[in-house]
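Novice: Mind looking over this structure? Questions follow.
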Amino acid sequence: MYYKTYYDSPLGKILLVSDEQNLTGLWIDGQKYYLDSFSQELKQKNEIEILEKAKNWLDRYFKGEKPSINELQLAPIGNEFRQTVWKILCEIPYGKTMTYGEIAKKMAQIMNKKSMSAQAVGNAVGHNPISIIIPCHRVIGANGNLTGYAGGIEKKIQLLKLEQVNMDKMFIPKKEHQYNRKD
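Just so we're aligned, residue 1 is where the sequence shown starts under our numbering, counting upward by one.
This is the structure we're talking about:
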């Protein structure tokens, strides 16, 4: 059984999902791939410890503090490839960014391959079921392109500004990447 609660954030309403022991999902209202990995019914229950911890984590994060990802037990649902990409995302420090290409190089090393498609990495990043905490907003294009955030470019910019990322060389693409369309 999975449980849900809601959190009101500066980005809008956020849905938090738990299996009672772990945080399994966090989606911003209107985000692409909302509840993508869940086909089962979610029961509303606010008084679950991990959900309360996640709300506290988000309170501190939106106040500009730097809570550690390790404070929360996370169990995102996804295949082995996606799980590995999400682990790499968890290594990106607060206030820093990494490119899709850099993650692809790390994935190639982990998988003992010569190279890895940045597009495959982008797909895994876009399907991250625990947004913000697993910091997919910290991933940018090699040339500073602010593309690829399922929550939308505006929210990505808000999160990067909150973390005081130097955005001088970053830009919004003229034609947004597929992850930012609300199909």
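C-beta: ideal position from N, C-alpha, C; glycine also.
Within the continuous beta strand (DSSP E) that includes G6, where are the two ends?
Specialist: Before going further, note that residue 6 is Tyr rather than Gly in the sequence given. Y6 -> beta strand (DSSP E) spans Y2 to S9.
Novice: Going straight from the alpha carbon of Y6 to that of N22, what length do you get?
Specialist: Cα to Cα, Y6 sits roughly 16 Å from N22.
Novice: Rounded to a whole number of angstroms, what is the C-alpha to C-alpha distance between A54 and L16?
Specialist: So the alpha carbons of these two residues sit roughly 8 Å apart.
Novice: If we count Cβ pairs, one from each stretch, closer than 8 Å, do we get three or more for the segment 117-129 versus the segment 79-90?
Specialist: Output reads yes: the segment 79-90 touches the segment 117-129.
Novice: When you compare each of G12, I69 and E20 to K4 by their alpha carbons, which one comes out closest?
Specialist: It is E20 whose Cα lies nearest to the Cα of K4.
Novice: Are G25 and P135 touching if we call contact CB-CB under 7 Å?
Specialist: No, these two residues do not count as a Cβ contact at 7 Å.
Novice: Got a sec? Which residues, its chain only, sit under 6 Å from P67 by beta carbon, not counting five neighbours each side?
Specialist: Excluding positions up to five away in sequence, the list reads W57, R60 and Y61.
Novice: Does K113 pass the burial test, meaning 16 or more other C-beta atoms within 10 Å, or should it be called exposed?
Specialist: Answer is exposed; the Cβ neighbour count stays below 16.
Novice: Could you tell me how far apart the beta carbons of E163 and Y94 are, in whole angstroms, since I believe they sit closer than 8 Å?
Specialist: Sure, about 6 Å apart at Cβ, within 8 Å.
Novice: Kindly provide the ranges of any alpha helix (DSSP H) runs that are 4 or more residues long and lie completely inside the segment 60-146, ordered along the chain.
Specialist: Those alpha helix (DSSP H) runs which fall completely within the segment 60-146 and span 4+ residues are 80-90, 100-110 and 118-126.
Novice: Among A118, E47, V139 and G152, which one has its Cα closest to the Cα of I28?
Specialist: Of the candidates A118, E47, V139 and G152, the one whose C-alpha sits nearest the C-alpha of I28 is G152.
Novice: First and last residue of the alpha helix (DSSP H) that includes Q164?
Specialist: Where Q164 is concerned, there is no enclosing alpha helix (DSSP H), given that its DSSP letter is neither H nor E.
Novice: Opposite Q44 in the DSSP bridges: which residues?
Specialist: Paired residue(s): K4.
Novice: In or out: I172 buried (at least 16 other Cβ within 10 Å) or exposed?
Specialist: With fewer than 16 other Cβ atoms within 10 Å, it is exposed.
Novice: Pull up the distance between the alpha-carbon of N180 and that of E52, whole angstroms please.
Specialist: Caution applies to N180, whose pLDDT of 44 falls short of 50 and renders its modelled position unreliable; the value that the coordinates give is listed next. N180 and E52: Cα-Cα distance of roughly 30 Å.
Novice: Express the C-alpha separation of L160 and H137 in angstroms, rounding to a whole number.
Specialist: Approximately 7 Å between the Cα atoms of the pair.
Novice: Just to check my reading of the structure: K13 and A150 have Cβ atoms closer than 8 Å, yes? What is that Cβ distance to the nearest angstrom?
Specialist: So it is not a contact: roughly 16 Å between Cβ atoms.
Novice: Which first and last residues belong to the beta strand (DSSP E) in which L16 is found?
Specialist: Counting along the chain, the beta strand (DSSP E) containing L16 begins and ends at G12 to S18.
Novice: Which of the three DSSP states is assigned to I28 in this structure?
Specialist: In this structure, I28 counts as strand in the three-state DSSP scheme.
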